[in-house]
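Engineer: The structure is given below, and queries will be raised subsequently.
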């Protein structure tokens with residue numbers, strides 16, 4: 001079934017692939033919502049803001065590693081679709 005309700009902002013479904021414009025809009029909206037959590041501490045408090053930015057960067061890298069390890073994904077750049 002077409003399950004676009006998983007993403008609240010824009011209809012994306014990995015089974016059918018995504019259209020470039022809907023992917024861009026979804027990522028743009030997510031970055032718009034998340035960016036104040038990163039930019040405001042950097043603007044308001046310089047050194048603690050840099051520590052917060054480093055923490056966010058490490059957290060993002062750890063989450064990517066966790067997903068790759070959990071799902072046994074290939075670490076190559078070349079991705080092939082299976083239909």
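Numbering (UniProt numbering), first residue to last: 1 to 83. The beta carbon of each residue, even a glycine, is placed where N, CA and C say it ideally should be. All values derive from a computational prediction rather than experimental measurement.
According to DSSP, is residue 22 helix, strand or coil?
Structural biologist: One-based indexing of the chain shown puts residue 22 at position 22. Reduced to three states, the DSSP call for residue 22 is helix.
Engineer: Taking only three categories from DSSP, how would you classify residue 75?
Structural biologist: The count along the chain shown starts at 1 and reaches residue 75 at position 75. Three-state DSSP puts residue 75 in coil, outside helix and strand.
Engineer: Since residue 38 and residue 56 should fall inside the 8 Å C-beta cutoff, what is the C-beta to C-beta distance between them, to a whole number of angstroms?
Structural biologist: What you label residue 38 is simply residue 38 of the chain shown in a count that begins at 1. What you label residue 56 is simply residue 56 of the chain shown in a count that begins at 1. Confirmed, Cβ separation roughly 6 Å.
Engineer: Just how far apart, CA to CA, sit residue 70 and residue 54?
Structural biologist: The count along the chain shown starts at 1 and reaches residue 70 at position 70. The count along the chain shown starts at 1 and reaches residue 54 at position 54. If you take the alpha carbons of residue 70 and residue 54, they lie about 24 Å apart.
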